[in-house]
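Taking the working numbering, the leading residue of the sequence shown gets 5, the next gets one more, and so forth. These notes concern the structure reproduced below.
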Amino acid sequence: MTSDGVAGGRPLNEGKWSGWTAWHDPHPDTFLQAIGRGYMRGLGEKKAHVALETRTSHRNRVDTLHGGFLAAFADHAYFGALWAMGHQGQVNGVTIDLSMQYLGAGKVGPDLLAEVELLRETGRLMFLRMLITQEGEPVAASTATLRKAPKAQ
């Protein structure tokens with residue numbers, strides 16, 4: 005299966021996520037299914053929030069959020085945030101570096117909230133950082149370097 009590049013957001017107007025945009029991936033059988041649906045909202049040209057509802061499949065054996073899941077969520081959140089910031093063409097970019105710092109044990113149940121900031125953009129790269137919180141408490145921090153998607157011909 006190859007991506008047709010038709011991914012992005014769908015604005016929500018009711019319920020818990022009213023005012024947010026739900027991430028939409030047209031391929032039903034990808035790794036994103038393991039992470040879960042993300043919700044995003046732009047906070048200007050260089051900042052965005054990405055949220056996720058946690059579920060039991062995200063936990064480890066000691067009943068906290070698995071570090072690998074948090075890294076996967078961070079990777080997903082960077083692209084959702086870029087979409088919300090107005091960089092929709094970058095959904096087909098690639099992560100070339102991602103660093104995680106685990107700051108506290110996350111719990112299954114409460115939503116995760118990632119605050120993402122675009123620090124710098126060059127011709128080919130984007131440099132970003134994020135703080136992931138749960139109920140206002142830090143769970144993890146991250147930095148990433150993304151290679152931009154090729155420009156459409």
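We put the beta carbon where it would ideally sit given N, CA and C, even for glycine.
The distance from the Cβ of residue 53 to that of residue 117 is about 6 Å, consistent with a contact at the 8 Å cut-off.
For residue 105, same chain residues with a beta-carbon under 8 Å away, outside a window of 5 residues either side, are 144, 145 and 146 in chain order. Rounded to the nearest angstrom, the gap between the Cα atoms of residue 101 and residue 72 is 15 Å.
Excluding residues up to 5 positions away in sequence, 151 and 152 lie with their Cβ nearer than 7 Å to the Cβ of residue 128 in the same chain. The beta carbon of residue 60 is closer than 6 Å to those of 112 in its chain, skipping five residues each way along the sequence. Short of 7 Å from the beta carbon of residue 47, and not among the five residues preceding or following it, lie these beta carbons of its own chain, in chain order: 53.
Linking residue 32 to residue 86 through their CA atoms gives a straight-line distance of about 22 Å.
Buried is the label assigned to residue 120, since at least 16 other Cβ atoms lie within 10 Å of its Cβ. Looking at the DSSP output, residue 22 sits in no beta bridge, so it has no partner there.
Cβ contact annotation for residue 94 (same chain, cutoff 8 Å, sequence separation greater than five): 83, 86, 87, 130, 150, 152 and 153, in chain order. DSSP lists 52 and 134 as the beta-bridge partner residues of residue 120. With respect to the 8 Å criterion, residue 41 and residue 27 are classified as neighbours on the basis of their beta carbons.
The Cβ atoms of residue 135 and residue 142 sit closer than 8 Å to each other. Put simply, the backbone Cα of residue 74 is about 23 Å away from that of residue 91.
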